[in-house]
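Residues 21 to 608 (the numbering used here) are what the sequence shown spells out, left to right.
Think of the CB as a built atom: it goes at the ideal place given N, C-alpha and C, for glycine as much as any other residue.
Predicted model, so just to flag it, every value in this text is computed and none were measured.
Some notes on the structure that comes next.
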Amino acid sequence: MTIKSTQVYNAFMSGAQSLILQKQILNELNVFPVADGDTGSNMAYTMEGILRSSKHYDSMSETMNSIADAVSLNAKGNSGAIMAQFIIGFSETLPDHELSDKDFIDGLKVAVKKVYEALSHPVEGTMITVMRLWVDEIDTLYQKSHDFTTTINTSLNKAYEALKDTPNLLQILKDHHVVDSGAKGFVHFLEGFIKGLWTTEKIIIDEAVENHVHESHMIDSSEEIHFRYCTEALVRTDLTDTQDVKNRLECLGDSLLVVRSKHYLKVHIHTNTPEKVMDDLKTSGTIIQQKADDMILQHLDFTPNSKIALVTDSIADLPKGIIDEARIHVFPLTIMIEDAPFLDRITMPSRVFYERINTFKSYPSSSQPTLKSIEDYYKNLLQHYEQVLVISVSSKMSGTYHVFKKAAEVYEGKIVVIDSKQNSGAQGLLVMRAHELIQQGLSIDVIQETIEKAIQNTKIFVSVDTLKYMVKMGRLKPIVGRIGKWVNMKPIVTIDETGHGVTKGASFSKKQTEHRMIKEVVNMTKDKKLVNYCIVHGNDLKRAERFSTLLTQKLNKAPLFIDEISTIVAMSAGPKTFAIAIQVEDNQ
Numbered sequence: 021m022t023i024k025s026t027q028v029y030n031a032f033m034s035g036a037q038s039l040i041l042q043k044q045i046l047n048e049l050n051v052f053p054v055a056d057g058d059t060g061s062n063m064a065y066t067m068e069g070i071l072r073s074s075k076h077y078d079s080m081s082e083t084m085n086s087i088a089d090a091v092s093l094n095a096k097g098n099s100g101a102i103m104a105q106f107i108i109g110f111s112e113t114l115p116d117h118e119l120s121d122k123d124f125i126d127g128l129k130v131a132v133k134k135v136y137e138a139l140s141h142p143v144e145g146t147m148i149t150v151m152r153l154w155v156d157e158i159d160t161l162y163q164k165s166h167d168f169t170t171t172i173n174t175s176l177n178k179a180y181e182a183l184k185d186t187p188n189l190l191q192i193l194k195d196h197h198v199v200d201s202g203a204k205g206f207v208h209f210l211e212g213f214i215k216g217l218w219t220t221e222k223i224i225i226d227e228a229v230e231n232h233v234h235e236s237h238m239i240d241s242s243e244e245i246h247f248r249y250c251t252e253a254l255v256r257t258d259l260t261d262t263q264d265v266k267n268r269l270e271c272l273g274d275s276l277l278v279v280r281s282k283h284y285l286k287v288h289i290h291t292n293t294p295e296k297v298m299d300d301l302k303t304s305g306t307i308i309q310q311k312a313d314d315m316i317l318q319h320l321d322f323t324p325n326s327k328i329a330l331v332t333d334s335i336a337d338l339p340k341g342i343i344d345e346a347r348i349h350v351f352p353l354t355i356m357i358e359d360a361p362f363l364d365r366i367t368m369p370s371r372v373f374y375e376r377i378n379t380f381k382s383y384p385s386s387s388q389p390t391l392k393s394i395e396d397y398y399k400n401l402l403q404h405y406e407q408v409l410v411i412s413v414s415s416k417m418s419g420t421y422h423v424f425k426k427a428a429e430v431y432e433g434k435i436v437v438i439d440s441k442q443n444s445g446a447q448g449l450l451v452m453r454a455h456e457l458i459q460q461g462l463s464i465d466v467i468q469e470t471i472e473k474a475i476q477n478t479k480i481f482v483s484v485d486t487l488k489y490m491v492k493m494g495r496l497k498p499i500v501g502r503i504g505k506w507v508n509m510k511p512i513v514t515i516d517e518t519g520h521g522v523t524k525g526a527s528f529s530k531k532q533t534e535h536r537m538i539k540e541v542v543n544m545t546k547d548k549k550l551v552n553y554c555i556v557h558g559n560d561l562k563r564a565e566r567f568s569t570l571l572t573q574k575l576n577k578a579p580l581f582i583d584e585i586s587t588i589v590a591m592s593a594g595p596k597t598f599a600i601a602i603q604v605e606d607n608q
């Protein structure tokens, strides 16, 4: 028989919808490779790419290229990337015209081969086992009967059998008394795929799929997470051989998968050093998408220690240890470096930024988050928490606050967004104050009122070593920068009550600047009670530690923390930046 492009398109559309409808069940089964409860969501997101972006053409190759591009761009997570590679592999050898039985079966064989080649360490008892055994069964049955329709319909029994056997091949599945989540997702895909293959009229998206609500669940796991970040990148490249990429990345983590389509590489890896992954991948092409999800925090979210999730953006300075202990959710803002997106602090730490600050062809810029990215972020948090409290960077310095606020509108009463009117360490102090109030069990309205008052009593004083980076970021006119350089001007920058950055005078030596900053901080504690203070810096830890000793003596209190400034702040402040943030309150 011959298979038309409409049938193949229908098969993938139907398969995608069949899988999407099962994503909640798949999330509940998810224990391998990490019990983070997102296998169903990741596979469904990948399949949604087919529904949203793929198109049907009369040409078989054009149709499959459209589907392959859709899954390349939307592949998410380990399971989504494997599904994407299977589909891309199937598309690679298909002719432009209608398919023969042999063309179809040969395409499936190539798909399985490409999946195994894409994985650095294939693990049996997972989706790949079901893929392989299902295709082997099709090949065997067809060789005996040459009846394509019966072969395809009957082959589903082998997929069911292989799925049922996954716990016997993978101990962690047997320990949890579950089948492999990804394998089950693939079987549900096959159920729809085979049904759609026999449909000659173009399939439309089912209303139940369009309205399907994302829900995520997790089976608790005592398995230790060795690699913290589930890291992915989409790279536009002409590279055809992916083995070298795999060889280079293999030492950086586990669960490595490199998927190649006609125009893109999709890379998935669990790693503790996402910045090294991106640094390597930029040598292979242009990075156009990236993510690095914190799997430890995701795991902890399934057993929340409060009813309110605390969120801030990456401009807030807080040490990682405090963030982890307090379970603070930090949304990473985006840095554009030579047209490639990087994640503030995660895939572009300030340490790396300083090393390259004078090598960029064009100076980097920051980008506010998209509305959808924040909506998805909220949606995930509200699966585990009753309410969300957001403390953002000053709205006068970034559009981030407005995006946080806009995205919260659909969750009336569940999300409170506060404009900190601060940044850096001052923003971090406000976040920590909110954490203390949450732990006291106060209502979100009371917390909001308290933080709004605390904003008025929180200040930051910043000393920059040079004005040239503020000029590069457009914060100062070039003439001001030149004058500052000529006279060795060392301005002290603070933030006014509206959230605008303003100068608080200037000195002409570091010593004078430090003296003035100490004076400003001490003066704030004369008539008010010191709550907390912190010291932040731009690649100048020695100076920060020296000031810590000095201020501890002056204030009779050690700083809450010393931390490196965010990369986005470093872009305008430059290296050797130094700041003191302080929070006071009225004497009782």
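Through-space distance from Leu391 to Leu71, alpha-carbon basis: 21 Å
Local conformation of Ile366 per DSSP, three classes: The three-state secondary structure of Ile366, taken from DSSP, is coil.
Selection from Thr291, Thr379, Val91 and Ala179 that minimises the alpha carbon distance to Met151: Ala179
Assigned exposure category for Pro115 - 16 Cβ within 10 Å defines buried: exposed
As assigned by DSSP and simplified to three states, the class of Leu402: Leu402: coil per DSSP, three-state reduction.
Segment limits, beta strand (DSSP E) that includes Ala379: It is worth fixing the name first, because residue 379 is Thr in this sequence and not Ala. No beta strand (DSSP E) holds Thr379; DSSP gives it neither H nor E.
Separation of Ala138 from Thr257, as counted between CA atoms: 16 Å
Beta-carbon contacts of Thr354 that lie in its chain and below 6 Å, excluding the five residues immediately before and after: Pro361 and Ser387
As assigned by DSSP and simplified to three states, the class of Ser34: helix
Delimiting residues of the beta strand (DSSP E) encompassing Gln309: Thr306 to Asp314
Cβ separation of Val279 and Ala95, assumed to be a contact under 8 Å, to the nearest whole Å: 6 Å
Option in Val589, Ile588 and Pro579 with minimal Cα separation from Ile602: Out of Val589, Ile588 and Pro579, Pro579 has the C-alpha closest to the C-alpha of Ile602.
Exposed unless 16 or more other CB atoms sit within 10 angstroms - verdict on Met33: buried
Short Cβ contact (8 Å threshold) for Val135 with Phe106: yes
Backbone CA spacing between Asn607 and Val551 [nearest angstrom]: 11 Å
Classification of His557 by the beta-carbon crowding that lies within 10 angstroms, buried from 16 upward: buried
Simplified DSSP assignment, three categories, for Arg566: helix
Rounded separation between Phe424 and Ser99 - CA only: 30 Å
Three-way DSSP call (helix, strand, coil) for Phe351 in this model: DSSP places Phe351 in strand when its eight states are reduced to three.
Own chain partners of Leu259 with C-beta closer than 6 Å, once the 5 adjacent residues on each side are dropped: Ser304.
Buried/exposed call for Met21, threshold 16 Cβ in 10 Å: exposed
Close beta carbons around Thr219, own chain, < 6 Å, minus the five adjacent residues each side: Around Thr219: Asn30.
Exposed unless 16 or more other CB atoms sit within 10 angstroms - verdict on Val430: Its Cβ having fewer than 16 others within 10 Å, Val430 is exposed.
DSSP three-state assignment for Val413, whether helix, strand or coil: coil
Nearest-angstrom Cα separation, counted from Arg365 out to Glu334: A quick correction: the sequence has Ser, not Glu, at residue 334. Looking at the two C-alpha atoms, the distance is approximately 7 Å.
Span separating the alpha-carbon of Gly205 from that of Ser38: 9 Å
Rounded straight-line distance, which links the Cα of Ile328 to that of Asn559: 34 Å
8 Å Cβ shell around Ser165 - same chain, five flanking residues per side excluded: Thr171
Pairwise C-alpha distance: Pro294 and Arg248: 9 Å
Under 8 Å between C-beta atoms of Ile458 and Leu330: yes
Per-residue DSSP class, three states only, for Ser386: Here Ser386 sits in strand by DSSP.
Span of the alpha helix (DSSP H) around His166: Taken as a continuous stretch (DSSP letters only), His166 belongs to no alpha helix (DSSP H), as it is neither H nor E.
Thr470 versus Ser444: straight-line alpha-carbon distance, rounded: Roughly 20 Å between the two C-alpha positions.
Element boundaries [alpha helix (DSSP H), containing Phe106]: Gly97 to Glu112
For Tyr77, the three-state DSSP class (helix, strand or coil): coil
Within the segment 116-166, ranges of the alpha helix (DSSP H) (whole runs, at least 4 residues): 121-138 and 147-165
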